[in-house]
Amino acid sequence: MLLPELRLAFSYFLPMETNRIARRAAALHGADGGALQRPAAVDATAYARAEALDAWAASRLDAFAEEGDDA
459 MLLPELRLAF
469 SYFLPMETNR
479 IARRAAALHG
489 ADGGALQRPA
499 AVDATAYARA
509 EALDAWAASR
519 LDAFAEEGDD
529 A
């Protein structure tokens, strides 16, 4: 249950303050603070699969809703 409490604690800070804390924590552990600022990249194939899954789920929800309307 520590992670939800940490998230709540850090939600108090502005993004700039959170970045500053992260850089200092990284420096304490011998890491470069700039390494924390890497962009989240998604593989194009994984993105396409997720998009297809989302479309499938939406169609199943639509079908389920239509079945409920008939009852």
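All residue numbers for the sequence shown refer to my numbering, where the first residue is 459 and numbers rise by one. Even glycine gets a Cβ: it sits at the ideal position worked out from N, Cα and C.
DSSP, read as helix, strand or coil, puts A485 in helix. Taking 9 Å as the cut-off, the beta carbon of R481 is found no closer than this to the beta carbon of G488. If you draw a straight line from the Cα of L464 to the Cα of R507, it is about 32 Å long. Annotation: the continuous alpha helix (DSSP H) that includes F468 extends over L460 to F468. The residues T476, in chain order, have a CB closer than 7 Å to that of F468 in the same chain once the five nearest residues on each side in sequence are set aside. A Cβ-Cβ contact shorter than 9 Å links A484 with L494.
In the structure shown, the three-state DSSP call for D490 is coil.
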